[in-house]
Each structure stands twice: as C-alpha cells, then as structure tokens.
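Using my numbering, the letters of the sequence shown correspond one by one to residues 1 to 283.
C-beta atoms are modelled at their ideal positions from N, C-alpha and C, and glycine is treated no differently.
As the structure is a computational prediction, the values presented were derived from the model and not from experiment.
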Amino acid sequence: MATEAKAGHSEFAPAKINLTLHITGQRADGYHLLDSLVVFADVGDRVHVHASDQLSLQITGPQAAALPVGDDNLVLRAARLMGATAAITLEKILPVASGIGGGSADAAATLRALARLGGQNLPDAGAVLTLGADVPVCLTGRATRMQGVGERLIAAPPLPTGWLVLANPGVAVATPDVFRGLSRKDNPPMPREIPRLRSTAELAAFLQMMRNDMELPALAVAPMIGTLKSALSAQPGCLIARMSGSGATCFGLFADGLTASAAARAVQAAQPGWWVAPAQMLS
C-alpha cells in the first residue's frame, strides 16, 4: 500500500506556438473569433501529480518566482474540474504571460496526468473550454488548425520538420490589452485548405503570406517585440520571424537544428537578460 500511496504521474506541457493568428470576428459576448495554425515545441513545463487526500500545488523551476500559487492558477482550476485531490508540482520552464500557451499547456498536462492517476476520463470539450481558449488545442499536443473561439480543432496536414528559436524579453503582455488595440476584428481567415508543405522553406513561404493580427497592437503595448523580431531575423538561416500568440515571445523558423542552436546562442550572448530557447517542432 505504501508503494501505491507514492504512485504518481508526470506529463510534459509543451510550448504552443501560433505560426499564424488571424482574428476574423467578435461574438456578441465579446469573445474573439480566430483562425490559427498552431504547433508545439519540445521545450516546455512539466506537471507531476501524486495521490493525496487534499489538493495542493507547489511551483518549482527557473520561472517559479513569476507565478504565485493562487486559487485562480490554471493547474488548480484544471484539478478542480477533474474533481481530483492530489499533490501537484509544476516545474515552470516557460516564461509567464508570454504568448506561448504556458498556462494552458500546464492545465492540459494536469488534466492528462490526473486522468491517468485516477483512471478517469478527460472532461468533455465544453468543460475543457471553460479553462481557456487554448486549453483544448493544448490537449491535442499536435499541429492543429484552431478556429472559432478555440473550440473548433482541425488536424493540420503533415508539416515538414522545422526548428524554432524562441525569445522573450521578460516583459509580460496581457492579452486583453492587445485585443483592445486591434484596429479591426473582421480580418480575412486563412485559405480554406492549408497546402501540403514539403520543406521548411515552403512552410516559411506559406507563413509569409499569412499574419498574426495581434502583432501590431502588441507592439504598441511592448515595443521590445520589434527588437526581438529583428534579433531573430538577423540570424543566419532564419527563414521567418514572427510574434506568437499575443506576445511577447517571438519565434524564428530554421531548416535545421544546428543552425537554430547557433542562432539561439548568438541571441542569448547579445541579450543575456532574455529567455531564449532552441526547440524542434513536434510532429
């Protein structure tokens, strides 16, 4: 029995990258409609859960100081949605409020871990969506076209292998502030079909024709985003640089891992105060 009491589960919470983010409308209740190509990276947080008679959360890792343990923490909200009691440890690697879905990925990882721990089914899609628009896509963990308010998920066609350099200046950007700065909220969606992209260069060419509609209003909130994009674009082998989500994290897309790693080292050396990470796109 002692062995069972110590049993636990661990789940990876990968960074979510919006390669595109088209804002296509706004509902009467204020929620924005979007059309986004989302991928995940092999850098992220990790959630550990152990059986317990009460719910608790401990946050460790290099970004722990930026995330206080409060009742509204998405990990605790996810646990309450599962009706679970467990001792949860969140190893926080990703910067907070950075546009790469850290909190949503943590919530999704918590749902998966607690489902395994308790032998439960995951909550239904509507319940998951109450945790946030990005949580359903984070539950999939694979390249997905996300539409509506985040509830409509369409598996993306196979994407070529790609490597990313993620960079964040340590400036938190509040998503509501960015939405308020949008000049229009009825922008065109992506094409009806995402084409088969056979190389990283073709992926970059496709992305060049797409947009992140939140980038301009985010620049007004955090002008440092322009510096980030320029630093990534200047690296040899960078095929495209763009902001992810509502910012402030930006990504550079590269065709191979060695070039991406070299770029990450160069950016980090020039800006030691930034969070910089090379990562492979997960298939």
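Q | 6 Å CB neighbourhood of Met1 in its chain, flanking five on each side removed | A | With a pLDDT of only 35 at Met1, under 50, the local geometry of the prediction cannot be trusted, and the value read off the model is given with reservation. No residues qualify anywhere along the chain.
| request: May I have the straight-line CA-CA distance separating Gln54 from Met82, to the nearest angstrom? | output: 13 Å
Assigned exposure category for Ser283 - 16 Cβ within 10 Å defines buried: exposed
Of the listed residues Ala115, Pro136, Gly25 and Tyr31, nearest to His50 (C-alpha basis): Ala115
Can you check whether the CB of Ala264 is closer than 8 Å to the CB of Met243? no
Per DSSP, which residues does Asp213 bridge with? Please list them.
-> According to DSSP, which records beta bridges pairwise, Asp213 is partnered with nothing at all.
Out of Gln271, Asp35, Gly44 and Asn121, which has the shortest C-alpha to C-alpha gap to Gly170?
Gln271
- [ ] Grab the span of the beta strand (DSSP E) containing Met146 for me, first residue to last.
- [x] Thr144 to Gly148
Assess, as a yes-or-no matter, whether the segment 145-163 is touched by the segment 189-197 under the definition of 3 or more beta carbon pairs within less than 8 Å. yes
Return the residue from the list Thr20, Thr85, Arg46 and Ala107 that minimises the CA-CA distance to Gly118. Thr85
C-alpha distance - Gln58 paired with Leu76, whole-angstrom precision: 10 Å
Item to check | Contained alpha helix (DSSP H) runs [length at least 4] in the segment 34-98, N- to C-terminal order | outcome: 74-82
When DSSP labels each residue in this structure, what does Leu153 get in the three-state scheme? strand
Rounded to whole angstroms, what is the Cα-Cα separation between Thr3 and Gly44?
For Thr3, the pLDDT reaches just 39, beneath the cut-off of 50, and the residue's location in the model is therefore unreliable, although a value from the coordinates is still provided. The alpha-carbon atoms of Thr3 and Gly44 are separated by roughly 29 Å.
Where does the unbroken alpha helix (DSSP H) through Ile225 begin, and where does it stop? Met224 to Ser233
Exercise. Per DSSP, which one or two residues make a beta bridge with Ala250?
Worked result: Checking the sequence, you will find Cys at residue 250 rather than Ala. Ala167 and Met243.
| said: Assuming contact is defined by CB atoms lying nearer than 8 Å, are Ala41 and Leu164 in contact in what I supplied? | reply: yes
Which listed residue (Gly61, Asp124, Cys138 and Ser56) has its alpha carbon closest to that of Asp71: Ser56
Original post:
What are the boundary residues of the beta strand (DSSP E) that Pro14 is part of?
Top reply: Gly8 to Asn18
Q. Is Ala133 helix, strand or coil when you go by DSSP?
A. coil
Let me confirm a value: Ala5 is counted as buried when at least 16 other C-beta atoms fall within 10 Å, else exposed. Which label applies? In this prediction, Ala5 scores a pLDDT of 43, lower than 50, which makes its location untrustworthy; the coordinate-derived value is nonetheless stated afterwards. Ala5 is exposed by the Cβ-count criterion.
**Asked** Among residues of its own chain, excluding the 5 on either side of Asp134, which ones have a beta-carbon nearer than 7 Å to its beta-carbon?
**Response** Lys16, Gly101, Ser104 and Gly150
(message) In the DSSP assignment, the beta strand (DSSP E) including Ala279 goes from what residue to what residue?
(response) Trp275 to Gln280
- Can you give me the Cβ contacts of Ala113 inside the same chain, cut-off strictly under 6 Å, excluding the 5 residues immediately before and after it? His9, Glu11, Val47 and Val49
Quick check on this structure: which residue in Ala79, Gly273 and Pro136 has the alpha carbon closest to the alpha carbon of Thr89? Ala79
Here's the rule: buried if 16 or more other CB atoms are within 10 angstroms of the residue's CB, otherwise exposed. What is Met146? buried
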